[in-house]
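Student: Chains as they are written, first to last, in the working numbering: chain A, 266 to 842; chain B, 266 to 842.
Beta carbons are placed, not taken as given, at the ideal position from N, Cα and C, and that holds for glycine.
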């Protein structure tokens, strides 16, 4: 393919909102262009990468016995109301009213539709198990889209769903999909980590998350030194901290005036104390119930853990409700006296382990010092429980082993959904004895665009992208350094030979300086570069250089195509699962 | 592939809304299932067909030098406001307000986005021409979705766009795309007709439409006996009818009481006259202007023709406006006395040719008889024009040649868009002399789903579908009539041999009666069937039958795979462009 005939608009400058390397490089290399907040056009080179990922996913899914289908992206809201997920997704779900006054959803995922298809078409155990998938348009109205295609509003997802007669069959397919995901990431050239995960809005009983470790990832994975345990931060369990030695004669609790100190930092500063001596009080609502969560001042509430305990509808209370409940401005809530006014109290282990602490006084500009857990507020009772509700932090252990932290990008997740959807949408079958039963279900999601971006996050340098050969827009780039007849002829010949050998070859035939071509070749990140210069061609040679390596080697013009084909094939060989 | 492992839910009954064969058969053969009005899930076999069409389109577009991209389906309305097409599409365009109060469009097509991409990335004549395309989700909120995937709300379209420095280049690419479309339809096994077409909401200066003739098509194509002219009904020109001989002493116009006769049929019935003696008066609005159109009672106004004359915003006036203007109920409008009250009058040639006629009296329950065009209402004047504004009908001629009519399904259209979009969205370039110019533009659309459905409309019988081999879900079906070890073994062997030879083979391994399998094989329409029965296997033979033919032939088990491979290849050969 001739470079001059393709739309490859490389640029030097990137917009200020491009904060991370993959976002910057996808724009600089002319792979994508922003249309609006969180929506991107894939230009020809970007689409080539995307389509290669799609093809790998499709091949592996088919090989695993999954069947491809295509469901509508515009879906009736009634289906989502049946599972209650219209509420779970909230404003992240885009809806519109059509000309016949029906409310439609732009699909953020498709459990409801696929389960209704299963409910309609599956009626016998003989049809089970069945594993169906689609690769299609999805939309989530993210509050703050960012990082280019990593957190976009519109994206392409491979979502698959399997239906089963029993849990044994479900576990088998879960394992097949788990292995298939491993094969896909390997073929895409990605080093991945698999961790336990919360299933979040999907529900269900078990989940694993596939993460690509990289510096700029939004996700945090947590693992023990010996790798015996790994989880995402939302799920990562921690050992309770050791109980602090009780004071022999603790002073009485005392209100203190702390003007304008509505944050932990501000009050620590004012009182010359440390966050770990504070008790942070957060007020949540869950349906019509109110709930307070207590964590130490240096800890954060882990809302996923909280939801596992208190239900999926838990969310931070509105400011007005907080003020109403505490009688104080936001930032001055505390457990003393408040516990009787709420429906439930969940206290983190680390708070229960404190000997004494400082907390809000439920009075604007006041805190209480010398608060002793168990003395000044209860640690037990019908509405009180102590649990692990905080995010793991440096220094924590799990099962006695030190926890380590790594950033990464989540690129896929597998879920054991069980009967959450099948019960609500009536996906039943008759078993061998003619008894009606509910199907069990797995779900498997994978962001296709995210694979492209995370491959860049995991493979780039200051000059540009370093693609794995399997998803690179081209496998080889030919870079003639100047324009002479001999160079043109050699370039065309090698280009044609490679193309005939099935190698995807981009020939930089532009009338620009060699320096510009080198810079663009590095930026585009094509795995193998063939450089043809005046001096080398006079010697009958061309130069071969891998994007991932700094050294180059010379090879005779006549042997270039054969040699490069062998290099490309050996790069491909390394990515075989 | 084993039939028992696939989701192929064939059914006997179809919903009442499935009016035409392709809709009925796609449901009966388990290719699609309706989710909501105008939205369908493609089940595994349906998706296989769809994906084959997509692959053919992609291969041919790439071979023609077009570059694939992917634009967002969710688009900011501001872009559509720049071209005014938010108004042109009206309620057919679905919009939603996102969480940041921005209004978004669900793309019915993508001229605006692609032109804004071109405006951003093209700056030199060296980059032109460029031809880019996508195959993606589209949505149009059709008032009355029907005929299954033929007029659905959500669909997949291949839309391509080319940008040019001048009209010569535009014409060249238009021709390349025209030829590419021919190749695609040929490869999909479709007999197509190419006709001139109006460009409708797309605008521009020229257009051709690709239509598959079939009994249940919604589109009508019109052509002369000698095929020197062919057009779709929206554009088909007609010769003016010969002027009727003027009456020597026509009686004066006279009001007559015609109670409850608000339609042409009713008034003809009441007055014992014929529709061709009536003058039909239709009232339109175009922006803030009012317009009346006169056609003969037996003719229909062709709104596409009317829009070419009076502008794209022409639409039928609201009932209240009509009553207001005429002072009468709808159904009693007439030109006499009304012409002075409106901004423009367009009179069809056939009305101007009438000697005398009957028309509405602009008074409820009254008509006027003995109306003489030119005497009782003007045929000329600053606001009056005579033009061809009606649909062609049986008996019409064009350039003296008799017009013939054929129904069909429109499956693709190519448009010369010119500078309509590039001017409004600023797609400019610098020419060889450094002068800034506006790009010219072509557009090419093709409904992928419609190709699948129209292939069925063009190829089916009472028993089911008859697929062209290139887009069939499988190429071969193996139908063992009973279950014996010998039959199973032969089936498996032939299945494996065919699969290894690259033939897509479905093996009906279900434990059901032979009759059921035959019925399903005919319904699914797979081109070649291999039947294995007790008697034939005892003779060492199997039976080969083509879906499109009634005869079958016998072949030795050992030669079956080879023979069938040859048959499949010869079927494929016939579809080569």
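#1: Please tell me whether residue 228 of chain B has its Cβ less than 7 Å away from any Cβ of chain A.
#2: Should the stretch 417–427 of chain B be called in touch with the stretch 711–724 of chain B, which here means at least 3 C-beta pairs below 8 Å?
#3: Take residue 601 of chain A and list the residues in its own chain whose beta-carbon comes closer than 8 Å to its own, dropping the five residues that flank it on each side.
#4: Name, going along the chain, the residues of the stretch 420–447 of chain B whose beta-carbon falls closer than 7 Å to a beta-carbon of chain A.
#5: Mind listing which residues of the stretch 322–354 of chain B have their C-beta closer than 8 Å to chain A's C-betas, in chain order?
#6: Under 6 Å Cβ to Cβ from residue 379 of chain A, same chain only, skipping five residues before and after it: list those, please.
#7: Since residue 585 of chain A is in the alpha helix (DSSP H), which residue starts that stretch and which ends it?
#8: Roughly how many angstroms lie between the CA atoms of residue 737 of chain A and residue 838 of chain A, to the nearest whole one?
#9: Within 7 Å of any Cβ in chain A, is that where the Cβ of residue 309 of chain B sits?
#10: Less than 7 Å between CB atoms is the rule here; does residue 297 of chain B satisfy it with respect to chain A?
#11: Among the candidates B:683, B:727, B:730, B:665, whose CA atom is the shortest distance from the CA of residue 707 of chain B?
#12: Measure the C-alpha to C-alpha separation of residue 661 of chain A and residue 535 of chain A and round it to an integer number of angstroms.
#13: Say whether the stretch 374–394 of chain A touches the stretch 407–415 of chain A, bearing in mind that this needs 3 or more beta-carbon pairs closer than 8 Å, one atom from each stretch.
#14: Pick out the complete beta strand (DSSP E) segments inside the stretch 596–654 of chain A, 3 residues or longer, and give them in chain order.
#15: Quick check on residue 847 of chain A - is its C-beta less than 7 Å from some C-beta in chain B?
#16: Whole angstroms is fine: what's the gap from residue 701 of chain A's alpha carbon to residue 568 of chain A's?
#17: Can at least three beta-carbon pairs, one atom from the stretch 537–546 of chain A and one from the stretch 558–577 of chain A, be found at a separation below 8 Å?
#18: Alpha carbon to alpha carbon, what distance is there between residue 271 of chain B and residue 821 of chain B?
#19: List, in order along the chain, the chain A residues whose C-beta lies closer than 8 Å to that of residue 397 of chain B?
#20: Three-state secondary structure (DSSP) at residue 411 of chain B?
#21: Ends of the beta strand (DSSP E) at residue 390 of chain A?
#22: Looking at C-alpha atoms only, which residue of A:449, A:275, A:530, A:571 is the closest neighbour of residue 499 of chain A?
#23: Can you list the beta strand (DSSP E) stretches of 3 or more residues lying completely in the stretch 433–492 of chain B, in chain order?
#24: Can you give me the Cβ contacts of residue 338 of chain B inside the same chain, cut-off strictly under 8 Å, excluding the 5 residues immediately before and after it?
#25: In angstroms, rounded to a whole number, what distance separates the CA positions of residue 474 of chain A and residue 746 of chain B?
#26: By how many angstroms is the C-alpha of residue 819 of chain B removed from the C-alpha of residue 771 of chain B?
#27: Below 8 Å on the Cβ atoms is my contact criterion, and I expect residue 390 of chain B with residue 430 of chain B to pass it. Report the Cβ-Cβ distance as a whole number of Å.
#28: Cα separation between residue 491 of chain B and residue 317 of chain B?
#29: Is the beta carbon of residue 629 of chain B closer than 7 Å to that of residue 585 of chain B?
#30: Candidates A:301, A:327, A:303, A:275: which alpha carbon is nearest residue 295 of chain A's?
#31: Which chain A residues sit within Cβ distance under 8 Å of residue 305 of chain B?
#32: Taking the straight line between their C-alpha atoms, what separation do you get for residue 493 of chain B and residue 665 of chain B?
#33: Is the Cβ-Cβ distance between residue 508 of chain B and residue 618 of chain B less than 7 Å?
#34: For residue 396 of chain A, count neighbouring Cβ atoms within 10 angstroms of its own Cβ and tell me buried if that reaches 16, exposed if not.
#35: Can you tell me whether residue 553 of chain A sits near the ligand FAD, meaning its C-beta is under 6 Å from at least one heavy atom of the ligand?
#36: Give the residues from the stretch 358–381 of chain A that approach chain B closer than 9 Å (Cβ to any Cβ), ordered along the chain.
Tutor: Reading from the atomic positions:
#1: Summary: the structure shown does not reach residue 228 of chain B, with chain B confined to residues 266 through 842, and so no result is reported for it.
#2: yes
#3: Here residue 601 of chain A corresponds to residue number 336 of the first chain, with the count starting at 1. Only 518, 624, 626, 627, 633, 636, 641, 642 meet the Cβ criterion.
#4: none
#5: 330, 332, 333, 334, 335, 336, 337, 338, 339, 340, 341
#6: Taking the first residue of the first chain as 1, we reach residue 379 of chain A at position 114. Result list for residue 379 of chain A: 426, in chain order.
#7: Looking up residue 585 of chain A in the first chain gives position 320. Start and end: 584–591.
#8: The residue given as residue 737 of chain A occupies position 472 in the first chain. The residue given as residue 838 of chain A occupies position 573 in the first chain. So the alpha carbons of these two residues sit roughly 15 Å apart.
#9: Numbered from 1 along the second chain, position 44 holds the residue referred to as residue 309 of chain B. Chain A, which has a Cβ nearer than 7 Å to the Cβ of residue 309 of chain B, makes this yes.
#10: Residue mapping note: residue 297 of chain B aligns to position 32 of the second chain, counting from 1. Judged by the 7 Å Cβ criterion, residue 297 of chain B is not in contact with chain A.
#11: In the second chain, counting from the first residue as 1, residue 707 of chain B sits at position 442. The residue with the shortest Cα to Cα distance from residue 707 of chain B is B:683.
#12: Here residue 661 of chain A refers to the residue found at position 396 of the first chain. Here residue 535 of chain A refers to the residue found at position 270 of the first chain. When rounded, the distance between both Cα atoms is 28 Å.
#13: no
#14: 609–613, 622–625, 631–636, 649–652
#15: Here chain A has residues from 266 to 842 only, and residue 847 of chain A is not among them.
#16: The count along the first chain starts at 1 and reaches residue 701 of chain A at position 436. The count along the first chain starts at 1 and reaches residue 568 of chain A at position 303. Taking the straight line joining both Cα atoms gives about 38 Å.
#17: yes
#18: Position 556 of the second chain, counted from the start, is the residue given in the question as residue 821 of chain B. Position 6 of the second chain, counted from the start, is the residue given in the question as residue 271 of chain B. C-alpha separation (whole angstroms): 29 Å.
#19: On the second chain, residue 397 of chain B is found 132 positions in, with the first residue counted as 1. Here the neighbours are 272, 309.
#20: To locate residue 411 of chain B, count along the second chain from 1; it is residue 146. It is a strand residue.
#21: Here the question's residue 390 of chain A lines up with position 125 in the first chain. First-last for residue 390 of chain A: undefined, no H or E at that position.
#22: Counting from one through the first chain, the residue named residue 499 of chain A turns up at place 234. Looking at the Cα atoms, A:571 is the closest of the given residues.
#23: 458–461, 471–478, 484–489
#24: As a first step, residue 338 of chain B is located in the second chain; it is residue number 73 there, counting from the start. So the qualifying residues of the chain are 371, 372, 401, 402, 403, 404.
#25: As a first step, residue 474 of chain A must be located in the first chain, where it is residue number 209. As a first step, residue 746 of chain B must be located in the second chain, where it is residue number 481. For residue 474 of chain A and residue 746 of chain B, the distance between alpha carbons rounds to 47 Å.
#26: Within the second chain, numbered from 1, the residue matching residue 771 of chain B stands at position 506. Within the second chain, numbered from 1, the residue matching residue 819 of chain B stands at position 554. The straight-line gap from Cα to Cα measures roughly 20 Å.
#27: Numbered from 1 along the second chain, position 125 holds the residue referred to as residue 390 of chain B. Numbered from 1 along the second chain, position 165 holds the residue referred to as residue 430 of chain B. Confirmed, Cβ separation roughly 5 Å.
#28: The residue labelled residue 491 of chain B in the question sits at position 226 within the second chain. The residue labelled residue 317 of chain B in the question sits at position 52 within the second chain. Taking the straight line joining both Cα atoms gives about 36 Å.
#29: Along the second chain, one-based indexing puts residue 585 of chain B at 320. Along the second chain, one-based indexing puts residue 629 of chain B at 364. No, these two residues do not count as a Cβ contact at 7 Å.
#30: The count along the first chain starts at 1 and reaches residue 295 of chain A at position 30. Here the closest residue by C-alpha is A:275.
#31: Position 40 of the second chain holds residue 305 of chain B. Ordered by position in chain A, the residues that pass the 8 Å Cβ test against residue 305 of chain B are 337.
#32: Within the second chain, residue 493 of chain B is the residue found at index 228, counting from 1. Within the second chain, residue 665 of chain B is the residue found at index 400, counting from 1. Computed Cα separation, rounded: 12 Å.
#33: Residue mapping note: residue 508 of chain B aligns to position 243 of the second chain, counting from 1. Residue mapping note: residue 618 of chain B aligns to position 353 of the second chain, counting from 1. In contact: residue 508 of chain B and residue 618 of chain B (Cβ atoms closer than 7 Å).
#34: Locating residue 396 of chain A in the first chain gives position 131, counting from the first residue. Buried is the call here.
#35: Looking at this structure, you won't find the ligand FAD or any other ligand, since it has none at all.
#36: 359, 360, 361, 362, 363, 364, 365, 367, 369, 371, 378, 379, 381
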